[in-house]
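Enquirer:
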Amino acid sequence: MAELVQQLINGLTLGGIYALIALGYTMVYGIIQLINFAHGDILMVAAYVAFFAITVLKVGVVPALVLAVVFCALLGVAIERIAYKPLRQAPRLAALITAIGVSLFLENGGLWLLGTDFRSFPPGTVNNYTYTLLGGTVRITSMQLLILALTLLVMVILQYIVHYTKVGKAMRAVAYDKEAAALMGINVDSVVSVTFALGSAFAAVAGVLWGLYYNTVHPLMGLMPGLKAFVAAVIGGIGIIPGAMAGGFFLGIIEALVSGYGSSELRDPVVFILLILVLLFRPAGLLGKDTVEKV
Amino acid sequence: MGYFRSKNIAIFLVIIGIYFAVDWLLEEGIITKFQQVNLMLLGINVILATSLNLIVGFTGQLALGHAGFMAIGAYVATIFTVKLGQPFALALAVGSLAAALAGVLIGLPTLRLRGDYLAIATLGFGEIIRGLAVNIEYVGGAAGIMGIPRLTTWPWLYAMTVLTVVAIKNFINSTHGRACLAVRENEIAAEAMGINTTYYKVLAFTLGAFFGGLAGGLYAHYFYLIQPSTFSFLRSFDILVMVVLGGMGSLTGSVIAAAAITLVNALLQDLALLRMVIYAALLVAVMIFRPQGLMGNKELTLNILRPRGGADRGIVGD
């Protein structure tokens with residue numbers, strides 16, 4: 002029982018980070034139907050920005066986080082403007098390959114600039130307390146609590162933006178029908194930019210948390226979380242914001258259970274087998290609606 | 125009727141000529157050890173790029189799991205030579221067939237998915253193969269298999285490369301190949317014309333997987349060792365880069381791009397990381413400024429040596 006609770010706590014923590022990343026995937030996909038493969042690498046950039054802010058600029062964790070979020074939001078917008086915007090009318094395949102190109106660019110650029118070393122945050126960057134529950138058998142760290150709290154906060158903020166602000170209304174309109182939205186006087190380009198900025202900002206939060214939680218930063222650290230978060234977005238139903246959150250937590254818990262009761266080597270194959278099963282039986286995702294494609 | 129046309133004979137002679145020329149250079153030791161490695165890599169890359177082009181370029185199905193098929197071919201062939209002591213030819217054949225079988229098994233369900241979903245499903249499949257290889261102790265787990273005999277020689281490599289390119293070219297020019305092109309151009313229209321789109325998608329996928337497996341078998345028996353990490357999705361992306369740069373739907377484009385990338389890799393050996401940055405930037409630039417790639421879907425044929433008039437005969441020349 003204690004073991005199960007422990008795995009659930011670990012799973013929720015991991016799932017929270019996945020959910021944060023998955024939000025960016027799903028928002029971008031909802032608006033321009035593009036799998037932004039570079040999204041995972043934004044996470045890596047954020048972790049490095051925070052790392053250098055803490056080690057070189059000697060600032061605290063909170064300013065480092067803010068800096069990373071701002072930097073990545075701008076980076077996300079820049080990537081969209083330079084690489085994706087010229088291809089908005091091009092075949093989907095071209096845009097997808099461009100996204101892969103941007104991802105490879107960020108990864109290899111990172112390896113080239115920063116080297117292949119794994120780096121760790123200096124000790125004492127975050128004060129990590131461990132709390133015990135259920136008579137000392139279950140442990141939860143303050144880091145895990147922070148991750149869960151921040152994840153929930155971001156989700157509430159996103160729900161507020163999407164449902165109660167003007168720009169959120171514009172985002173929903175563009176996702177529903179780009180041309181009609183443009184005819185109604187919505188500036189589609191700036192809505193797309195806002196979407197990329199928001200998505201990248203969430204990925205940045207996830208990246209800093211990931212770096213602190215596992216206490217390593219590496220130029221390829223964004224690869225696997227990015228891929229897994231995409232799987233989470235697909236499982237939840239891509240383009241659906243609550244779906245990305247549900248998918249993220251679902252995937253995190255599955256991973257924790259597989260590592261806890263099976264072997265951690267089996268974690269990745271299980272995730273991808275799950276992805277293929279979902280795609281086969283519910284291609285629209287667990288929360289998605291089936292749509293019939295019209296000719 | 126057309127098998128002995130002068131052009132076919134000329135191509136045949138050129139193919140034979142290249143073989144003996146390189147063979148002589150190898151015998152005389154003019155090609156250094158380092159160049160020899162790259163020569164082998166070039167052939168393997170040509171096989172990988174042309175076979176992926178069949179799936180992505182000619183049939184229009186974006187698959188990101190080619191390294192998975194390569195892994196199956198490599199592992200199965202290696203099991204046959206190293207663990208079971210079977211001859212190389214049999215091992216290569218069984219490895220390729222195993223990859224083709226995986227192609228059918230993974231293609232049948234996933235090829236119903238479109239575009240992005242197919243891409244991500246095949247990517248997932250490639251990662252599953254890699255994950256399984258890590259978890260199976262029989263094939264060495266994460267450490268892989270070491271001490272594979274070097275059985276891939278120049279005659280083997282050259283024969284297999286030529287076989288792959290000729291087989292894929294003939295497939296594309298056949299009825300089945302035309303059906304694949306129709307699926308790429310417009311799946312719904314193709315279906316309305318009575319083409320069984322699923323059948324042709326799976327067929328192209330299986331053929332591509334077969335040759336991907338062949339490349340894997342050749343790779344394993346040249347480089348002594350195989351590890352699951354050799355076949356990560358980054359390798360699938362590498363192969364995709366060759367296809368895209370060469371032109372999706374151009375076999376000669378794939379051959380040229382595979383050769384060019386292998387050569388540039390060899391020349392810029394010292395700039396290993398910067399090289400990859402340049403590739404990535406190049407990939408994005410090509411997509412923005414020339415989305416059809418170097419060759420588009422045109423082929424480099426002997427027709428360009430002739431006066432104008434015969435040059436624009438269908439998609440793949442003849």
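Same order as they appear, the protein sequences are chains A and B.
The first sequence begins at 2 in this note's numbering and counts up one residue at a time.
The second sequence begins at 125 in this note's numbering and counts up one residue at a time.
Glycine included, each C-beta is placed from N, C-alpha and C at the ideal position.
Being a predicted model, the structure only gives us computed values, none of them experimental.
Return the residue from the list Lys293/B, Ala215/B and Ala404/B that minimises the CA-CA distance to Thr202/B.
Expert: Within the second sequence, residue 202/B is the residue found at index 78, counting from 1. That would be Ala215/B, whose Cα lies nearest to the Cα of Thr202/B.
Enquirer: Classify Arg140/A as helix, strand or coil using the three-state DSSP reduction.
Expert: One-based indexing of the first sequence puts residue 140/A at position 139. Arg140/A falls in the strand class under three-state DSSP.
Enquirer: By Cβ distance, which residues of its chain are closer than 7 Å to Thr196/A, with the 5 residues on each side in sequence left out?
Expert: Residue numbering aside, residue 196/A sits at position 195 when the first sequence is read from its first letter. Closer than 7 Å at Cβ, skipping near neighbours: Met28, Val29, Ile32 and Met172.
Enquirer: Can you name the residues of chain B whose CB is closer than 8 Å to the CB of Phe72/A?
Expert: Against the first sequence, residue 72/A aligns to sequence position 71. Those do not exist, as Phe72/A stays about 20 Å from chain B at its closest Cβ, beyond 8 Å.
Enquirer: To which residues does DSSP link Tyr132/A through a beta bridge?
Expert: Translated into positions along the first sequence, residue 132/A becomes position 131. Answer by DSSP bridge pairing, in chain order: Ile141/A.
Enquirer: Identify each residue in the region 103-120 of chain A for which the Cβ-Cβ distance to at least one residue of chain B is less than 7 Å, and report them in chain order.
Expert: Legend: CB atoms of the region 103-120 of chain A lying less than 7 Å from CB atoms of chain B belong to residues Val103, Leu105, Phe106, Asn109, Gly110, Leu112 and Trp113.
Enquirer: Compare the C-beta of Arg93/A against all C-beta atoms of chain C and say whether one is closer than 8 Å.
Expert: Here the protein chains are A and B, and chain C is not one of them.
Enquirer: DSSP beta-bridge partners for Val218/A?
Expert: In the first sequence, residue 218/A corresponds to position 217, counting from 1. Note: Val218/A sits in a beta bridge opposite Arg120/A.
Enquirer: In the DSSP assignment, what residue or residues form a beta bridge with Ile277/A?
Expert: Within the first sequence, the letter at position 276 stands for residue 277/A. According to DSSP, Ile277/A bridges with nothing at all.
Enquirer: Anyone know if the C-beta pair for Leu424/B and Thr386/B falls short of 8 Å?
Expert: Position 300 of the second sequence, counted from the start, is the residue given in the question as residue 424/B. Position 262 of the second sequence, counted from the start, is the residue given in the question as residue 386/B. No, the pair does not count as a contact, with Cβ atoms beyond the cut-off.
Enquirer: Use the C-beta contact count for Arg359/B: other C-beta atoms within 10 angstroms, 16 or more gives buried, fewer gives exposed.
Expert: Numbered from 1 along the second sequence, position 235 holds the residue referred to as residue 359/B. By the 10 Å Cβ count, Arg359/B comes out buried.
Enquirer: Report yes if the CB atom of Met366/B is closer than 8 Å to the CB atom of Ala381/B, and no otherwise.
Expert: Within the second sequence, residue 366/B is the residue found at index 242, counting from 1. Within the second sequence, residue 381/B is the residue found at index 257, counting from 1. Going by C-beta atoms, Met366/B is nearer than 8 Å to Ala381/B.
Enquirer: Does the Cβ of Arg129/B have 16 or more other Cβ atoms within 10 Å, making it buried, or fewer, making it exposed?
Expert: The residue labelled residue 129/B in the question sits at position 5 within the second sequence. Exposed is the call here.
Enquirer: Taking all protein chains shown into account, decide if Ile83/A is buried (16 or more other Cβ within 10 angstroms of its Cβ) or exposed.
Expert: One-based indexing of the first sequence puts residue 83/A at position 82. Residue environment: Ile83/A is assigned as exposed (fewer than 16 neighbouring CB atoms within 10 Å of its CB, all protein chains considered).
Enquirer: Once DSSP output is grouped into helix, strand and coil, what is the label at Ile260/B?
Expert: As a first step, residue 260/B is located in the second sequence; it is residue number 136 there, counting from the start. Coil.
Enquirer: Excluding the 5 residues flanking Val296/A on each side, which residues of the same chain have their C-beta closer than 8 Å to its C-beta?
Expert: For the purposes of this step, residue 296/A is taken as residue 295 along the first sequence, with counting starting at 1. With a pLDDT of 46 at Val296/A, under the threshold of 50, the predicted position of this residue should be treated as unreliable, and no value is reported.
Enquirer: Can you find a C-beta in chain A that's less than 8 Å from the C-beta of Met317/B?
Expert: Within the second sequence, numbered from 1, the residue matching residue 317/B stands at position 193. No, no contact with chain A.
Enquirer: Using 8 Å for Cβ pairs, my map puts Val271/A next to Val279/A. What's the rounded Cβ distance?
Expert: For the purposes of this step, residue 271/A is identified with residue 270 of the first sequence, where counting begins at 1. For the purposes of this step, residue 279/A is identified with residue 278 of the first sequence, where counting begins at 1. Contact flag wrong, Cβ pair sits at about 13 Å.
Enquirer: Identify the contact partners of Pro211/B in chain A, using a Cβ-Cβ distance below 9 Å as the criterion.
Expert: Working through the second sequence from its first residue, we reach residue 211/B at position 87. Going along chain A, no residue has its Cβ under 9 Å from Pro211/B, so there is no contact; the nearest lies around 32 Å.
Enquirer: Could you tell me whether any Cβ in chain B is nearer than 8 Å to the Cβ of Pro226/A?
Expert: Counted from its first residue, the first sequence places residue 226/A at position 225. Closer than 8 Å: no.
Enquirer: Is it the case that the Cβ atoms of Phe249/B and Gly192/B are separated by a distance below 8 Å?
Expert: On the second sequence, residue 249/B is found 125 positions in, with the first residue counted as 1. On the second sequence, residue 192/B is found 68 positions in, with the first residue counted as 1. Yes, Cβ-Cβ distance for Phe249/B and Gly192/B is below 8 Å.
Enquirer: Going by the C-beta, is Ile22/A closer than 7 Å to any heavy atom of the ligand NAD?
Expert: Absent from the structure shown: the ligand NAD. Ligands present: none.
Enquirer: Enumerate, from N- to C-terminal direction, the unbroken alpha helix (DSSP H) stretches of 4 or more residues contained entirely within the region 167-243 of chain B.
Expert: 190-202 and 212-234
Enquirer: In three-state DSSP terms, what is Gln158/A?
Expert: Numbered from 1 along the first sequence, position 157 holds the residue referred to as residue 158/A. With the sequence shown as reference, residue 158/A is identified as Ile, and Gln is not the correct amino acid for it. Here Ile158/A sits in helix by DSSP.
Enquirer: Just to confirm the assignment: which complete alpha helix (DSSP H) runs, minimum length 4, are found wholly within the region 292-329 of chain B?
Expert: 299-309 and 311-316
Enquirer: Around the C-beta of Met270/B, are 16 or more other C-beta atoms found within 10 angstroms, so that it is buried, or is it exposed?
Expert: The sequence position of residue 270/B within the second sequence is 146, counting from 1. It counts as exposed.
Enquirer: What residues of chain B sit near Glu266/A, judged by a beta carbon separation below 7 Å?
Expert: Indexing the first sequence from 1 puts residue 266/A at position 265. Correct list: Val258 and Asn259.
Enquirer: Give a yes or no on whether 8 Å exceeds the smallest Cβ distance from Leu97/A to chain B.
Expert: By one-based count along the first sequence, residue 97/A stands at place 96. For Leu97/A, the answer is yes, since a Cβ of chain B falls inside 8 Å of its Cβ.
Enquirer: According to the neighbour-count rule (16 or more other Cβ atoms, all chains shown, within 10 Å of its Cβ), is Ile131/B buried or exposed?
Expert: The count along the second sequence starts at 1 and reaches residue 131/B at position 7. Residue identity differs from the one stated: residue 131/B is Lys in this sequence, not Ile. Exposed, since its Cβ has fewer than 16 Cβ neighbours within 10 Å.
Enquirer: Look at Tyr19/A and Gly261/A and say whether their C-beta atoms are less than 8 Å apart.
Expert: As a first step, residue 19/A must be located in the first sequence, where it is residue number 18. As a first step, residue 261/A must be located in the first sequence, where it is residue number 260. Result no, Cβ atoms of Tyr19/A and Gly261/A do not sit closer than 8 Å.
Enquirer: Just tell me which of Leu66/A, Gly237/A and Gly208/A has its CA closest to the CA of Ala285/A.
Expert: As a working mapping, residue 285/A is identified with position 284 in the first sequence. Measuring from the Cα of Ala285/A, the nearest candidate turns out to be Gly237/A.
Enquirer: For Gly301/A and Leu221/A, what's the separation of their Cα atoms in angstroms?
Expert: Residue numbering for chain A in the displayed model covers 2 to 296; residue 301/A lies beyond these limits and cannot be assessed.
Enquirer: Against chain A, does Arg129/B count as a neighbour if the rule is that its beta carbon must be under 8 Å from one of theirs?
Expert: Here residue 129/B refers to the residue found at position 5 of the second sequence. No, no contact with chain A.
Enquirer: Figure out for me which residue from Leu225/B, Gly219/B and Leu364/B has the closest Cα to the Cα of Ile179/B.
Expert: Locating residue 179/B in the second sequence gives position 55, where the first residue counts as 1. It is Leu364/B whose Cα lies nearest to the Cα of Ile179/B.
Enquirer: In angstroms with no decimal places, state the Cα-to-Cα distance between Leu15/A and Leu252/A.
Expert: The residue given as residue 15/A occupies position 14 in the first sequence. The residue given as residue 252/A occupies position 251 in the first sequence. Between the C-alpha atoms of Leu15/A and Leu252/A there is a straight-line separation of about 9 Å.
Enquirer: Take the Cβ of Phe119/A as the centre, count every other Cβ of all protein chains shown within 10 Å, and call the residue buried at 16 or more, exposed below.
Expert: Along the first sequence, one-based indexing puts residue 119/A at 118. Phe119/A should be labelled exposed.
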